[in-house]
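**Student:** Using the working numbering, count along the sequence shown one by one with no gaps and you end on 890. Even glycine gets a Cβ: it sits at the ideal position worked out from N, Cα and C.
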Amino acid sequence: MKYSLFDINQIENLEIRSYFCEVISCYENQNYRAAIQVLYTVVLYDLTYKLEELRDEYEDSNAKQLLEEVRNKMNSSGDKSSWENFLLDKLHEIKDFEIVDDNLWSTIQAVKLKRNLSAHPSFDIEQQIYQPTRELTLGFIKEIYETLLTKSAHFMSRGLERVFESFDEKKSHFSIRNFYENSEDNNYEYNYFYNRFYSRMSMPLKKKFFKNVWALTFEKNNEELENNYLNLFVIIKVLEQDEQLFKDFIEGKLKSDKIKDIIDLDIPINKFILFLNFYPHYYNYLYPDVQERIEKKFKEINHYLYIWYTKENIPEYIEMIMADDIEDLDGISSDQIKLFNFICKEKGIIEVFNKFILKILEKYVPYWSGFDDANIIMNKFIIPYLNDFKEGDYFEYARIRKANNQIYARDRDSEDNRILISKMQEQELDYHEFEELLKFK
């Protein structure tokens with residue numbers, strides 16, 4: 450075996466890291482009895498250090514009480530080793546501690562048994578000292594390394610509570626306008642969550658965490674949760690790494706009757722509808738009546754751009770909504786447009802988005818009494834997204850403008866023209882021909 454197979458840097462406590470190196474050294478020198486004896490000692494020290502961390506860093510009263518009881522056992526006049534069993538039993542039995550589950554408990558008991566056979570004079574019927582096998586020793590080392598030594602003290606007590614307490618401190622940073630952005634701030638917050646908490650969770654704890662954050666994000670309804678976009682941000686990011694781990698859970702939720710309650714929540718922005726923007730394939734797991742409910746409800750409240758996944762692809766969806774008559778175009782919020790722009794960029798079809806917003810300008814500015822409509826569309830749909838315009842988009846705008854005096858004769862036309870030309874200059878495009886076209890009145 451190569452020493453590098455174990456990344457000792459994953460063990461936080463430096464003393465435990467040093468002791469574990471001793472275990473590895475014994476193993477690599479084929480001293481399997483010694484490896485198991487030291488490994489059992491490492492288990493006891495690691496559990497004790499984790500309790501001390503909870504007591505000292507988090508003022509955990511349960512950890513403090515258990516450590517005091519262990520010290521009393523150590524100092525008692527009875528069996529000096531009774532504290533070992535007491536510590537292990539308490540960590541396994543007390544519900545406040547979550548690190549020694551049934552699987553780890555069984556492993557520790559097996560290590561302890563082989564440690565006793567290795568450390569105490571005991572002969573078999575052939576008068577030979579017990580000799581553990583290479584495979585057994587390596588199996589113990591790997592199991593203890595993966596399920597105990599590399600796990601954080603965070604999750605020994607109130608583990609998930611600490612995660613959500615951390616969320617409470619950071620949730621104000623996230624909003625409908627930025628929860629999905631690949632920004633430096635967002636990446637920092639996720640990396641903090643991942644390194645501090647998520648990477649240290651066991652697989653069962655990851656599933657428990659995801660179940661809780663799913664319920665808080667989609668199934669609960671109060672004013673505080675309505676304004677919390679951090680939970681949705683975390684779901685999206687976690688699924689980028691571990692979607693297969695949660696796939697069965699999600700599919701079960703989508704097939705349950707509860708999904709209808711989620712769709713029907715009386716809230717300003719339905720976060721499940723937002724979620725489908727990032728994982729649209731889950732829309733196909735919904736029953737047809739639920740799909741119909743989504744399309745009907747969110748069109749009625751002008752959330753057109755949040756439900757593009759109800760068609761096979763974005764161009765097909767755009768064709769459909771352009772064939773419809775949107776009664777209240779101003780009801781489509783800037784937040785919707787911004788997210789739709791982001792989705793199109795992520796899919797590499799920004800040219801589709803550009804054509805869409807120009808079609809909005811062409812279709813929804815009437816040829817009479819349309820000054821206000823033109824101003825609204827320019828302000829919400831066109832001007833904020835000029836950074837994505839290509840040269841052809843500017844000339845398409847000029848064509849649309851020329852065909853409708855409600856666009857070129859309005860009071861904001863000159864200012865908008867200045868912004869358009871400035872943006873072309875910024876993009877190092879030849880703006881002179883475009884500028885000449887804008888002189889038409």
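On the CB-based measure, 16 or more other CB atoms within 10 Å of its CB, does G608 come out buried or exposed?
**Tutor:** As a first step, residue 608 is located in the sequence shown; it is residue number 159 there, counting from the start. Buried, since its Cβ has 16 or more Cβ neighbours within 10 Å.
**Student:** Report the partner residues of F628 according to the DSSP bridge assignment.
**Tutor:** Along the sequence shown, read from residue 1 onward, the residue named residue 628 stands at position 179. Answer by DSSP bridge pairing: none, since F628 is not bridged.
**Student:** To the nearest angstrom, how far is it from the Cα of Y507 to the Cα of E614?
**Tutor:** By one-based count along the sequence shown, residue 507 stands at place 58. By one-based count along the sequence shown, residue 614 stands at place 165. Going by the C-alpha atoms only, they are around 12 Å apart.
**Student:** Measure how close the beta-carbons of I832 and I868 come, nearest whole angstrom, since I'm counting them as under 8 Å.
**Tutor:** Start at 1 with the first residue of the sequence shown, and residue 832 comes out as number 383. Start at 1 with the first residue of the sequence shown, and residue 868 comes out as number 419. With 8 Å as the limit, I832 and I868 qualify as a contact, their Cβ atoms being about 6 Å apart.
**Student:** Rounded to whole angstroms, what is the Cα-Cα separation between D495 and L598?
**Tutor:** By one-based count along the sequence shown, residue 495 stands at place 46. By one-based count along the sequence shown, residue 598 stands at place 149. The alpha-carbon atoms of D495 and L598 are separated by roughly 7 Å.
**Student:** Taking the alpha carbon of M605 as the reference point, which residue from H541, F546, L679 has its own alpha carbon closest?
**Tutor:** For this step, residue 605 is matched to residue 156 along the sequence shown. The option with the nearest alpha carbon to M605 is F546.
**Student:** Quick test of the definition: if touching needs 3 or more C-beta pairs under 8 Å, does the region 771-782 touch the region 809-823?
**Tutor:** They touch, by the three-pair rule.
**Student:** With DSSP as the reference, label W532 as helix, strand or coil.
**Tutor:** Here residue 532 is taken as the residue at index 83 of the sequence shown, counted from 1. Three-state result, W532: helix.
**Student:** Return the Cβ separation of F422 and L754 in integer angstroms, given the expectation that the two are a contact with Cβ distance under 8 Å.
**Tutor:** Past the edges of the chain, shown from 450 to 890, lies residue 422, and the structure says nothing about it.
**Student:** How would you call T586, buried or exposed, if buried means at least 16 neighbouring beta carbons within 10 angstroms?
**Tutor:** As a first step, residue 586 is located in the sequence shown; it is residue number 137 there, counting from the start. With 16 or more other Cβ atoms within 10 Å, it is buried.
**Student:** Is W817 helix, strand or coil when you go by DSSP?
**Tutor:** The sequence position of residue 817 within the sequence shown is 368, counting from 1. Correct three-state label for W817: coil.
**Student:** Taking Cβ positions only, does R645 come closer than 8 Å to chain D?
**Tutor:** Although the question refers to chain D, the structure presented lacks it and comprises just one protein chain.
**Student:** Which class does L878 belong to by DSSP, given the choice of helix, strand or coil?
**Tutor:** Along the sequence shown, read from residue 1 onward, the residue named residue 878 stands at position 429. The answer is coil: DSSP assigns L878 none of H, G, I, E or B.
**Student:** Measure the alpha-carbon distance for S705 versus N627 and round it to whole angstroms.
**Tutor:** Working through the sequence shown from its first residue, we reach residue 705 at position 256. Working through the sequence shown from its first residue, we reach residue 627 at position 178. Taking the straight line joining both Cα atoms gives about 30 Å.
**Student:** State the DSSP-derived secondary structure class of G701, mapped to helix, strand or coil.
**Tutor:** Residue mapping note: residue 701 aligns to position 252 of the sequence shown, counting from 1. Looking at G701 - three-state DSSP - the assignment turns out to be helix.
**Student:** Suppose contacts are defined by Cβ-Cβ distances below 8 Å. Is I712 in contact with I743 by that definition?
**Tutor:** In the sequence shown, counting from the first residue as 1, residue 712 sits at position 263. In the sequence shown, counting from the first residue as 1, residue 743 sits at position 294. For I712 and I743, yes; Cβs fall inside 8 Å.
**Student:** Using DSSP with H/G/I as helix, E/B as strand and the rest coil, what is E461?
**Tutor:** Within the sequence shown, numbered from 1, the residue matching residue 461 stands at position 12. The answer is coil: DSSP assigns E461 none of H, G, I, E or B.
**Student:** Apart from the five residues on each side of it in sequence, which residues of its chain come closer than 7 Å, Cβ to Cβ, to D784?
**Tutor:** To locate residue 784, count along the sequence shown from 1; it is residue 335. Excluding residues within five positions, the ones whose Cβ falls inside 7 Å are I625, R626.
**Student:** Report the option in V662, R583, T596, E517 whose CA atom is closest to the CA atom of D551.
**Tutor:** One-based indexing of the sequence shown puts residue 551 at position 102. When only C-alpha atoms are compared, the closest one is T596.
**Student:** Are the beta-carbon atoms of L488 and I590 separated by less than 8 Å?
**Tutor:** Counting from one through the sequence shown, the residue named residue 488 turns up at place 39. Counting from one through the sequence shown, the residue named residue 590 turns up at place 141. Yes; because the gap between Cβ atoms is below 8 Å, this pair is in contact.
**Student:** Please report the straight-line C-alpha distance between E584 and A559, rounded to a whole angstrom.
**Tutor:** Residue numbering aside, residue 584 sits at position 135 when the sequence shown is read from its first letter. Residue numbering aside, residue 559 sits at position 110 when the sequence shown is read from its first letter. Each residue's alpha carbon lies about 14 Å from the other.
**Student:** Considering only residues of the same chain and omitting the five flanking positions on each side of F695, which have a CB-CB separation below 6 Å?
**Tutor:** On the sequence shown, position 246 is the one that residue 695 refers to. Same-chain partners within the cutoff: F659.
**Student:** If you follow the alpha helix (DSSP H) that Q855 is part of, which residue opens it and which one closes it?
**Tutor:** Taking the sequence shown and counting its residues from 1, one reaches residue 855 at position 406. Element bounds for Q855: 854-857.
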